[in-house]
Amino acid sequence: MTKKEKILLAAQEQFGKHGYTATTLKMVADCAGVASGLVSHYYGNKDNLFLESGGELIDQMLAILTDKAKAGENGIKSLEIFVQAYFDFTEQHRTTFPTLLRSSPFSDEYPHLDRTHIAAKFKQLIDRIEDYIIQGMDDGSVREVPLPQTSYLVYGHIVGAVRTEFLTPFQIDKLFKEACQFIVRSLAKT
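The numbering of the sequence shown is this note's numbering, which starts it at 274 and goes up by one.
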């Protein structure tokens, strides 16, 4: 792993654990085992590092989810695989994934941060959901639903389940499994 990659991973962990406001570039540098100046050299300032760390996670996640969803034999199955893979990704990246919760366009943390770039990355996830819904309406596995509204509602449901799992004191057994099945039941053509 290069020093730049170590810095990005350390940033994801620190922002995920402490949030934007409480995380310092020095904390990131210490966690990565590099000099503070190197963090600034690669990423400029804390805003850029924060957004870059979230954007890199989305790119990584989208590649994995899209690849897994290719196994679906129709639109609803591809959507189900995509959603379950999203939840699996959050579980497998528990120390870094909270960075996405904090940097997302849905976050109220540090409201003055320009999230235009990160919003475009999140929009790729929503667009992929919409692709599977359209595929399903075309192949008959998904009932007719309004778009893009349904794509945003599906993503909102995913985000709600993830936020409940990561940010609340509630301990809900099999929440992700049921959230996925709820989405499938809501869209499947019967």
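C-beta: ideal position from N, C-alpha, C; glycine also.
If you're wondering where the values come from, they're calculated on a predicted model, not measured in any experiment.
Same chain, Cβ closer than 6 Å to residue i, five either side skipped, listed in chain order
i                 : result
alanine 358       : Leu338 and Lys341
leucine 322       : Ala284 and Tyr316
serine 351        : Ala342, Gly345 and Tyr405
alanine 302       : Ser309 and Val312
alanine 305       : Lys279, Ile280 and Ala283
phenylalanine 360 : Phe449
glutamine 408     : Gly348
DSSP state of residue i mapped onto helix, strand, coil
i              : result
valine 312     : helix
valine 356     : helix
valine 418     : coil
alanine 283    : helix
alanine 461    : strand
alanine 302    : helix
glycine 345    : coil
valine 307     : coil
aspartate 446  : coil
glycine 317    : coil
histidine 366  : coil
methionine 274 : coil
methionine 413 : The sequence given here places glycine at residue 413; methionine does not occur at that position. In this structure, glycine 413 counts as coil in the three-state DSSP scheme.
threonine 441  : coil
threonine 339  : helix
Distance CB(residue i)-CB(residue j) smaller than 8 Å
i                 : j              : result
leucine 426       : glutamate 403  : no
isoleucine 261    : leucine 335    : Past the boundaries of the shown model lies residue 261; the chain is included only from 274 to 463, so the question cannot be answered.
proline 371       : glycine 429    : no
valine 415        : isoleucine 456 : no
asparagine 347    : aspartate 400  : no
valine 312        : leucine 298    : yes
phenylalanine 439 : leucine 374    : yes
lysine 394        : isoleucine 445 : no
glutamate 364     : cysteine 453   : no
glycine 433       : histidine 390  : no
Other residues of its chain near residue i: CB distance less than 7 Å, five sequence neighbours each side excluded
i              : result
isoleucine 307 : Correcting the residue type first, residue 307 is valine in the shown sequence and not isoleucine. Lys276, Lys279 and Ile280, listed in sequence order.
threonine 368  : Glu286 and Gly289
lysine 319     : Leu298
threonine 423  : Ile406
lysine 462     : Gly413, Ser414, Val415 and Arg416
Cut-off 8 Å between Cβ atoms - residues of its own chain near residue i, not counting five sequence neighbours on either side
i              : result
glycine 418    : According to the sequence shown, residue 418 is valine rather than glycine. Once the five neighbours on either side are set aside, the close Cβ partners of valine 418 are Ile406, Met410 and Leu460.
isoleucine 431 : Val356, Tyr359, Phe360, Ala452 and Ile456
arginine 436   : Leu374
Any non-hydrogen atom of the ligand COA within 7 Å of residue i CB
i          : result
serine 459 : Here there are no bound small molecules, and the ligand COA is not part of this structure.
Within-8 Å CB hit, residue i to chain C
i             : result
threonine 363 : Of the chains in the structure shown, none is chain C; there is only one protein chain.
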